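Trainee: Numbering (the numbering used here), first residue to last: 604 to 741.
Glycine included, each C-beta is placed from N, C-alpha and C at the ideal position.
The model shown is predicted, which means the values in this text are computed figures rather than measured ones.
Take this structure, written in structure tokens, and hold onto it; I'll ask about it next.
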């Protein structure tokens, strides 16, 4: 655990960009506050590692299963045309994957999603509604 890491420390550091939805076996599921792509979440590994190759085979399998479980829930709740999976780690050195629902009627269809466009922020009640729907679908 790294107290300087938003995914490890949670609290205010995490609240700057996300809201924790729940713990999963190998990860934390986080709603990304910027919701240009409705339903965008982050699946952050519970272990503070920089790369998936730092996990054991069992941990890696569990982490991938968490990612899949989150993706299935997003399909159930938001019915996207596609989900993009983004794993970069250039600025936050903690293994995490962005799950970004994509819809054919949006401007970025067929292109890479904007990492943090600051275009769509929701009210607290709208965030809670999305979180509850995702929890129910898990």
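Quick check on this structure: which residue in 695, 670, 648 and 661 has the alpha carbon closest to the alpha carbon of residue 608?
Mentor: One-based indexing of the chain shown puts residue 608 at position 5. It is 695 whose Cα lies nearest to the Cα of residue 608.
Trainee: In its own chain, which residues sit with a C-beta less than 8 Å from the C-beta of residue 705, not counting the 5 before and 5 after it?
Mentor: Counted from its first residue, the chain shown places residue 705 at position 102. Counting only Cβ-Cβ distances below 8 Å, and skipping sequence neighbours, we find 640, 683, 684, 685, 686, 687, 711, 712 and 716.
Trainee: For residue 628, which residues of its own chain have a beta-carbon under 8 Å away from its beta-carbon, when the five flanking residues on both sides are left out?
Mentor: For the purposes of this step, residue 628 is taken as residue 25 along the chain shown, with counting starting at 1. So the list reads 665, 668 and 669, once near-sequence residues are dropped.
Trainee: Can you name, in chain order, every residue of its own chain whose Cβ lies under 7 Å from the Cβ of residue 680, other than the five neighbours on each side?
Mentor: Within the chain shown, numbered from 1, the residue matching residue 680 stands at position 77. Hits under 7 Å: 642, 736, 737 and 740.
Trainee: Let me know the alpha helix (DSSP H) ranges lying completely inside the stretch 605–668, each 4 residues or longer, listed in chain order.
Mentor: Fully enclosed alpha helix (DSSP H) runs of 4 or longer: 609–612 and 614–618.
Trainee: On the three-state DSSP scale, how would you describe residue 716?
Mentor: Residue numbering aside, residue 716 sits at position 113 when the chain shown is read from its first letter. It is coil, neither helix nor strand.
Trainee: Rounded to the nearest angstrom, what separates residue 617 and residue 707 at their Cα positions?
Mentor: Counted from its first residue, the chain shown places residue 617 at position 14. Counted from its first residue, the chain shown places residue 707 at position 104. So the alpha carbons of these two residues sit roughly 30 Å apart.
Trainee: Output the distance between the C-alpha atoms of residue 702 and residue 636, rounded to the nearest integer angstrom.
Mentor: The sequence position of residue 702 within the chain shown is 99, counting from 1. The sequence position of residue 636 within the chain shown is 33, counting from 1. Cα to Cα, the separation comes out at about 13 Å.
Trainee: Measuring only the C-alpha atoms, how far is residue 663 from residue 610?
Mentor: Translated into the one-based positions of the chain shown, residue 663 becomes position 60. Translated into the one-based positions of the chain shown, residue 610 becomes position 7. In a straight line, the C-alpha of residue 663 is about 18 Å away from that of residue 610.
Trainee: Kindly indicate which three-state DSSP category residue 725 falls into: helix, strand or coil?
Mentor: In the chain shown, the residue the question calls residue 725 occupies position 122. Three-state DSSP puts residue 725 in coil, outside helix and strand.
Trainee: Does DSSP put residue 707 in a helix, in a strand, or in coil?
Mentor: On the chain shown, residue 707 is found 104 positions in, with the first residue counted as 1. Three-state result, residue 707: coil.
Trainee: Measuring only the C-alpha atoms, how far is residue 732 from residue 697?
Mentor: Here residue 732 corresponds to residue number 129 of the chain shown, with the count starting at 1. Here residue 697 corresponds to residue number 94 of the chain shown, with the count starting at 1. Rounded to the nearest angstrom, the two C-alpha atoms are 28 Å apart.
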